[in-house]
Structure formats: structure tokens, C-alpha cells
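Chemist:
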Amino acid sequence: SQQKKVVTTTQINKALSAFSTPTTIHQGFTYLYYPSKSRISRKTQRSNLNSLGVNNNRILDIHYPSRTVVALLVHNDYREELIMILKTHGVSNLPDYTPTHPTTISDPQFKNLSSTEKSSLAIEKHNHRLVRALPYIRDHIAKAVARFFEEQSWITKDQLDSFVQYHNDKITTTIKNQNS
């Protein structure tokens, strides 16, 4: 009987980095914003994107920052290609859209808030969306995305540290389960 070799988290991370995309001048990530008639499931949205020729493996996150806008997170290397693919189908991005702008708060329950209060609420909601998205981003890129979010001041240092701890614990559990 062969005994399974115990693999450490460090060894897994080193192995994953060997298969990472080489560093380019386009390091980092970007959200591209597109008009959306309605909020549909991520699965349906991915199916729609696939039908248009978009490589879904390059879409790291999909969420809806407001009622009529869908946000697509991509690595900067894929940004221009995605814009061109969608543009060939008559879909233009919203280059001036800002998810933290007070106008993104359109719920009637907040109609009496001042512009400053709406801005604070928009920032808070944006932060919550991104923190919620991080655990669903593929393991090999999730920590880089989290660091990017923190560099943009979209999440706090404490939220970054908490996510990194969660991610490391998740990888460790996966390794333990594979080795048992």
C-alpha cells in the first residue's frame, strides 16, 4: 500500500504560482459596467456572455451595483478584448459609471437622505458587495483581487486580513481532506 504524501499550504501556493499568468504591464483588475434591463442570475448572465463569445473564465465576478447596471470584474489583460467583443454585438460599456455615486441609491426608502448620506450609503453598499464576492472568486486569484480591492480603498485592511485568513484556512482544510 502506498502512503499519500502530505502537501503543505506553502507547497500548494508555490505550485499554483508556477501556473500563474506571467506578469504584464496590465497588472490589476477592473470592473466594467454595462446597462442591464433587469437583474438576472449570475448563471444566466454567464450563459448570455458565453453566447456573445465572452470567455467566462476571464469574468471573475458579476454583480449589480444598481437596478439597471451589471458589473463585470476582469483582469486588466482582458479588459479591451471584453469591451470589443460586446461592442461588436452592440453592447457598450458605461465608462463614466461610478458605483459609489449618490445616484446609485434609488430605493424610495432613502429618498429623503442628503446627497452626502446617499454617497456614504453607496460606499457602504459597494463595500458589502465586494466583501460578499471575494469567497466566490477562484482560489488562485482571490487574494490578489482582495489586495486590489484594499488598494482601491473599496475594502478595509481588516477586511483584507480577515479574507486572507479565511482563504488560507479554506486551502488548509482542502489539503487536509486530500491527504486523509
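Under this note's numbering, the first residue of the sequence shown is numbered 407, with each subsequent residue one higher. Beta carbons: idealized from backbone N, C-alpha and C, even for Gly. Bear in mind the structure is a predicted one, so any value in this text is a computation, not a measurement.
#1: If Leu-492 sits next to Ile-547, beta carbons under 8 Å apart, how far is it from one beta carbon to the other, in whole angstroms?
#2: Alpha carbon to alpha carbon, how far is Gly-459 from Glu-557? Give it in angstroms, no decimals.
#3: Between the Cα of Val-480 and those of Thr-504, Ser-457, Arg-544, spot the shortest distance and give me the residue it belongs to.
#4: Using the DSSP secondary-structure output, state which residues sit across from Thr-506 in a beta bridge.
#5: Span of the beta strand (DSSP E) holding Phe-435?
#6: Which stretch, first to last residue, makes up the beta strand (DSSP E) that contains Tyr-542?
#7: Between which two residues does the beta strand (DSSP E) harbouring Asp-467 extend?
#8: Does the contact criterion of 3 or more C-beta pairs under 8 Å hold for the segment 501-509 versus the segment 444-453?
#9: Could you have a look at His-534 and say whether DSSP puts it in helix, strand or coil?
#10: In terms of DSSP beta bridges, what is Val-475 paired with?
#11: For His-495, does the three-state DSSP call read helix, strand or coil?
#12: Quick one, are the C-beta atoms of Leu-438 and Asn-499 less than 8 Å apart?
#13: Whose C-alpha, out of Phe-435, Leu-488, Ser-472, Asp-483, is nearest the C-alpha of Asn-461?
#14: What's the gap between the Cα of Asn-456 and the Cα of Pro-471?
#15: Let me confirm a value: Tyr-484 is counted as buried when at least 16 other C-beta atoms fall within 10 Å, else exposed. Which label applies?
#16: Going by DSSP, what residue range makes up the alpha helix (DSSP H) through Gln-565?
#17: Identify which residue in Gly-496, Ile-561, Thr-416, Leu-422 has its Cα closest to the Cα of Pro-441.
#18: Where Thr-522 and Ile-561 are concerned, what is the direct C-alpha to C-alpha distance, given to the nearest angstrom?
Modeler: Taking the definition as stated:
#1: No, Leu-492 and Ile-547 are not in contact; Cβ-Cβ is about 22 Å, not under 8 Å.
#2: If you take the alpha carbons of Glu-557 and Gly-459, they lie about 31 Å apart.
#3: Comparing Cα positions, the closest option is Arg-544.
#4: Bridge partners of Thr-506: none, in fact.
#5: Where Phe-435 is concerned, the enclosing beta strand (DSSP E) stretches over 435-441.
#6: It is not in any beta strand (DSSP E) - Tyr-542 carries neither H nor E in the DSSP assignment.
#7: Under the DSSP assignment, Asp-467 falls in the beta strand (DSSP E) whose first and last residues are 465-472.
#8: Judged by Cβ distances under 8 Å, the segment 501-509 makes no contact with the segment 444-453, as fewer than three pairs qualify.
#9: The answer is helix: DSSP assigns His-534 an H, G or I state.
#10: Val-475 pairs with Pro-441, Ser-472.
#11: His-495: coil per DSSP, three-state reduction.
#12: Yes. Within cutoff.
#13: Of the candidates Phe-435, Leu-488, Ser-472, Asp-483, the residue whose Cα lies closest to the Cα of Asn-461 is Leu-488.
#14: If you draw a straight line from the Cα of Asn-456 to the Cα of Pro-471, it comes to about 22 Å.
#15: Per the 10 Å Cβ criterion, buried.
#16: It spans 563-585 - the alpha helix (DSSP H) in which Gln-565 sits, taken as one unbroken run.
#17: Ranking Gly-496, Ile-561, Thr-416, Leu-422 by Cα distance to Pro-441 puts Gly-496 first.
#18: Straight-line Cα distance between these residues: approximately 20 Å.
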